[in-house]
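One structure below.
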Amino acid sequence: MKKTIFLVGFMGSGKSHVGKKLALHLGCPFSDLDHAIEMAAGATISTIFEQHGEAYFRLLERRALHDSSYAPAGVLATGGGTPCFFNNMDWMNKNGICIFLDADPAVLTERLWKGKFKRPLLKKLDQPELACYVHDKIAERRPFYEKAAVQYFIHHHEQETAGELYQQMSTIIGH
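Residue numbers (this note's numbering): 17 to 191.
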């Protein structure tokens, strides 16, 4: 595989889960941008947000994204906001193939509610606030996500999604 596949989409869309399965199908490495940020910073994403704020986190995120170009081509799961800051989306489109994993906001809200305490931006929201947050943020971020070369709507289990994406990507990347 010659180009990195960047998975973009809202938090909870399955980027990490689908990314691992897709990388397995393609026989290439998988990496997660949030993990790379945590390793470089020596702190969790939550700690970075709490101690330094979102602006600092976004700088670390951009650096980690650009550093990914030095790694072997593979599948990289980005953060939900990654495409929306600096020129990240344009950079990813120039340096690889972007896939937007789209999902119904109600499904995302349900998934995020189950694990909201792991996500710094969601910790203090109740369920109705979370639903509003998801709706509003998706509307705000969709123009960035839709710049991806491939858009894929998650309509069922991520395991099946990875297999279907592999079939679609095989023709695009000649695998």
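Even glycine gets a Cβ: it sits at the ideal position worked out from N, Cα and C.
Self-check item: DSSP-derived helix/strand/coil call for cysteine 114
Solution: If DSSP states are grouped into helix, strand and coil, cysteine 114 belongs with the strands.
Quiz item: For leucine 23, which of helix, strand or coil comes out of DSSP?
Solution: Three-state DSSP puts leucine 23 in a strand.
Quiz item: What does DSSP give as the partner residues of valine 150 in its beta bridges?
Solution: None; valine 150 has no bridge partner.
Quiz prompt | Inter-residue Cα distance where the pair is glutamate 145 and lysine 139 | solution = Going from the Cα of glutamate 145 to the Cα of lysine 139 covers about 11 Å.
Quiz item: Does the Cβ of leucine 92 have 16 or more other Cβ atoms within 10 Å, making it buried, or fewer, making it exposed?
Solution: Result: buried.
Self-check item: Cross-strand partners of glutamine 167 (DSSP beta bridge)
Solution: Beta-bridge partners of glutamine 167 (DSSP): Phe116.
Quiz item: With burial defined as no fewer than 16 other Cβ atoms inside 10 Å of the residue's Cβ, what is the status of asparagine 8: buried or exposed?
Solution: As shown, the chain starts at 17 and ends at 191. That puts residue 8 outside it, with no answer to give.
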